[in-house]
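For our numbering, count along the sequence shown from 1 and bump the result up by 36. Okay, structure first, notes after.
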Amino acid sequence: MRKSTPRAPHYWSLAVCLLLTLVLSSCAFPGLTTTDATLPQVSQQPEKTDLPPIHFPQDEGTHNNLTEWWYYTGHMQATDASGKQRTYGFELVFFQALRSNLPAVHPAHFAITDISRDEFHYDQRSTTAFNAPKPDGKSTQGVNIQVGDWSAQGLNGKDHLQASMQNYAINLNLTGRKDPTLHNGNGLITYGLGGFSYYYSRTRMDVGGTLMDHNQPLKVTGTAWMDHQWGNFLTLGGSGWDWYSIQLNNNTEIMLYFIRDATGKTISTYVGYTDANAKSLVLPAQALELKTLGTWTSPKTGIRYPSGWQVSIKDPHLQATLTINPLLKDQELVVLQSTGNVYWEGAVNIKGQSNGRSVAGEGYVELTGYKKP
37 MRKSTPRAPH
47 YWSLAVCLLL
57 TLVLSSCAFP
67 GLTTTDATLP
77 QVSQQPEKTD
87 LPPIHFPQDE
97 GTHNNLTEWW
107 YYTGHMQATD
117 ASGKQRTYGF
127 ELVFFQALRS
137 NLPAVHPAHF
147 AITDISRDEF
157 HYDQRSTTAF
167 NAPKPDGKST
177 QGVNIQVGDW
187 SAQGLNGKDH
197 LQASMQNYAI
207 NLNLTGRKDP
217 TLHNGNGLIT
227 YGLGGFSYYY
237 SRTRMDVGGT
247 LMDHNQPLKV
257 TGTAWMDHQW
267 GNFLTLGGSG
277 WDWYSIQLNN
287 NTEIMLYFIR
297 DATGKTISTY
307 VGYTDANAKS
317 LVLPAQALEL
327 KTLGTWTSPK
337 TGIRYPSGWQ
347 VSIKDPHLQA
357 TLTINPLLKD
367 QELVVLQSTG
377 NVYWEGAVNI
387 KGQSNGRSVA
397 GEGYVELTGY
407 KKP
């Protein structure tokens, strides 16, 4: 991103410090670390609103809103030089925060779950751009965001990702296999004075490209999930959330989330289902039951997280019982230098039954707002 030269260095230094203070406060702005932190209880029907609908490809790019992010997670496989099969999970996320006339700030996180080595690695970055994003609905160039040498570029479901950290680097091409899923039916959630949020996902994207693993280039293939959310909204202070992306081998996908208030009470539940023909449905919250199977306590932070889940969905459109297990227990990100908080986001595997047939799958789970016991 091009940066303009400020006329008043001391003013810009103060402005940047103020903006980073706002962004790095997890109580004031925890939504920088999730795709779902701010979503309220949604209706089972799309809400009537005067806000414009989502348009592609214009809405793939940046917007002049308070909060925005592009979130990529996925699973990859490769064969190394010795013929050994290797498996990985990855997360790459870019955020944008706009506050008043302060410069836009762009934090980013990159993580690799090296399942074959039983290791988890991550890095974080943040940059402040002095040029404003293009106005809503004008650009047809898709997403083009860069933080240092990390980048995401994409148009019409064909995305390119690049990121690197010590011992790992990705250069990936992603291709959507389905039309985007518009959450809540129309991709728009409004909640009065609280603001509004646009939200869509590409629930199944083919992955191809190169992973550099300890200086060894590996040709990888796999499957990814992409979330894009933006709007004039802020998150609830002290809240937390659990988010699940589920990709099953019968070519269906499920997205679940639970939002908790500061007391730990669940105040919002969402169940989204995308069938094999890319038809998306919002299922009633009462159709879902979730049971935690265990816990894991971080040796770095002392935070105790749930670990392992059994999901049951009973609805005319979907009868499913699934067991979700982390591929590694420790997939915690301590990202105080970029978004000011700590969260668990990790690769999981899935087994169970869906509509009377055995299924398997993979996905990602995000856990925020948990504390030391």
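For each residue, glycine too, the CB sits at the ideal point set by N, CA and C.
In this structure, what does DSSP give as the bridge partners for aspartate 351?
By one-based count along the sequence shown, residue 351 stands at place 315. Leu354, per the DSSP bridge assignment.
Cβ shell of isoleucine 360 (< 6 Å), same chain only, five flanking positions each side left out
Counting from 1 along the sequence shown, the entry for residue 360 is found at position 324. Within the same chain, isoleucine 360 has close Cβ partners Trp345, Val384, Ile386.
State whether the stretch 327-342 contacts the stretch 104-120, with contact taken as three or more CB pairs (one from each stretch) at a distance under 8 Å.
no
Looking at C-alpha atoms only, which residue of Asp242, Leu87, Thr176, Ser187 is the closest neighbour of arginine 161?
On the sequence shown, residue 161 is found 125 positions in, with the first residue counted as 1. Looking at the Cα atoms, Ser187 is the closest of the given residues.
Beta strand (DSSP E) runs wholly inside the stretch 294-380, at least 3 long, in chain order:
302-310, 316-319, 324-328, 331-333, 340-342, 345-351, 354-362, 368-371
With distance defined between alpha-carbon atoms, name the residue in Thr337, Arg340, Asp195, Tyr400 nearest to tyrosine 293.
Residue mapping note: residue 293 aligns to position 257 of the sequence shown, counting from 1. Nearest C-alpha to tyrosine 293: Tyr400.
Using DSSP with H/G/I as helix, E/B as strand and the rest coil, what is aspartate 263?
Position 227 of the sequence shown, counted from the first residue, corresponds to residue 263. Strand at aspartate 263.
Leaving out the 5 sequence neighbours to the left and right, which residues in its chain are closer than 8 Å to leucine 254 when beta-carbon positions are compared?
One-based indexing of the sequence shown puts residue 254 at position 218. Excluding positions up to five away in sequence, the list reads Ala114, Thr115, Asp116, Arg122, Thr246, Leu247, Met248.
C-beta contact flag for leucine 197 and glycine 178 at 8 Å
Counting from one through the sequence shown, the residue named residue 197 turns up at place 161. Counting from one through the sequence shown, the residue named residue 178 turns up at place 142. Their beta carbons are not under 8 Å apart, which means leucine 197 does not touch glycine 178 by this criterion.
Lysine 194 lies in the beta strand (DSSP E); which residues open and close that run?
Looking up residue 194 in the sequence shown gives position 158. Residues 194-201.
Check whether the Cβ atoms of serine 316 and threonine 217 sit closer than 8 Å, and answer yes or no.
On the sequence shown, residue 316 is found 280 positions in, with the first residue counted as 1. On the sequence shown, residue 217 is found 181 positions in, with the first residue counted as 1. It is a contact, given that the beta carbons lie within the stated cut-off.
Do glycine 405 and valine 395 count as a contact pair if the criterion is CB distance below 8 Å?
Within the sequence shown, the letter at position 359 stands for residue 395. Within the sequence shown, the letter at position 369 stands for residue 405. No. Outside cutoff.
Endpoints, the beta strand (DSSP E) within which serine 281 is located:
As a first step, residue 281 must be located in the sequence shown, where it is residue number 245. First-last of the beta strand (DSSP E) with serine 281: 276-284.
Is any heavy atom in the ligand GDP found nearer than 7 Å to the beta carbon of isoleucine 148?
For the structure depicted, the ligand GDP is absent and the ligand set is empty, with no information on it obtainable.
Going by C-alpha distance, which of Gly193, Ile206, Thr305 is nearest threonine 149?
Mapped onto the sequence shown, residue 149 falls at position 113. Checked all of Gly193, Ile206, Thr305; the closest Cα to threonine 149 is Ile206.
Closer than 6 Å by C-beta to proline 20: which residues in its own chain qualify, once you throw out the five before and the five after it? Chain order, please.
For residue 20 there is no data in the structure shown, the boundaries of the chain being 37 and 409.
How about leucine 358 and valine 347: are their beta carbons less than 8 Å apart?
If you number the sequence shown from 1, residue 358 lands on position 322. If you number the sequence shown from 1, residue 347 lands on position 311. In contact: leucine 358 and valine 347 (Cβ atoms closer than 8 Å).
Taking the straight line between their C-alpha atoms, what separation do you get for alanine 144 and lysine 301?
On the sequence shown, position 108 is the one that residue 144 refers to. On the sequence shown, position 265 is the one that residue 301 refers to. Rounded to whole angstroms, alanine 144 to lysine 301 spans 29 Å at the Cα level.
With histidine 111 as the anchor, note down where its beta strand (DSSP E) starts and where it stops.
Translated into positions along the sequence shown, residue 111 becomes position 75. From DSSP, the beta strand (DSSP E) with histidine 111 extends over 103-115.
At the level of alpha carbons, what is the spacing between valine 256 and leucine 134?
Here residue 256 refers to the residue found at position 220 of the sequence shown. Here residue 134 refers to the residue found at position 98 of the sequence shown. Each residue's Cα considered, the two are about 36 Å apart.
In three-state terms, what does DSSP make of glutamine 182?
Numbered from 1 along the sequence shown, position 146 holds the residue referred to as residue 182. Glutamine 182: strand per DSSP, three-state reduction.
Can you find a C-beta in chain D that's less than 8 Å from the C-beta of glycine 258?
Considering every chain present, this structure includes no chain D. It has just one protein chain.
When burial is assigned at 16 or more other CB atoms within 10 Å of the CB, is proline 89 buried or exposed?
For the purposes of this step, residue 89 is taken as the residue at position 53 of the sequence shown. Proline 89 is exposed by the Cβ-count criterion.
Rounded to whole angstroms, what is the Cα-Cα separation between proline 409 and isoleucine 339?
Indexing the sequence shown from 1 puts residue 409 at position 373. Indexing the sequence shown from 1 puts residue 339 at position 303. Distance between the alpha carbons of proline 409 and isoleucine 339: 7 Å.
Take glycine 392 and list the residues in its own chain whose beta-carbon comes closer than 8 Å to its own, dropping the five residues that flank it on each side.
Translated into positions along the sequence shown, residue 392 becomes position 356. Result list for glycine 392: Gln355, in chain order.
Unbroken beta strand (DSSP E) run spanning histidine 145, endpoints
Mapped onto the sequence shown, residue 145 falls at position 109. Per DSSP, histidine 145 belongs to the beta strand (DSSP E) from 140-150.
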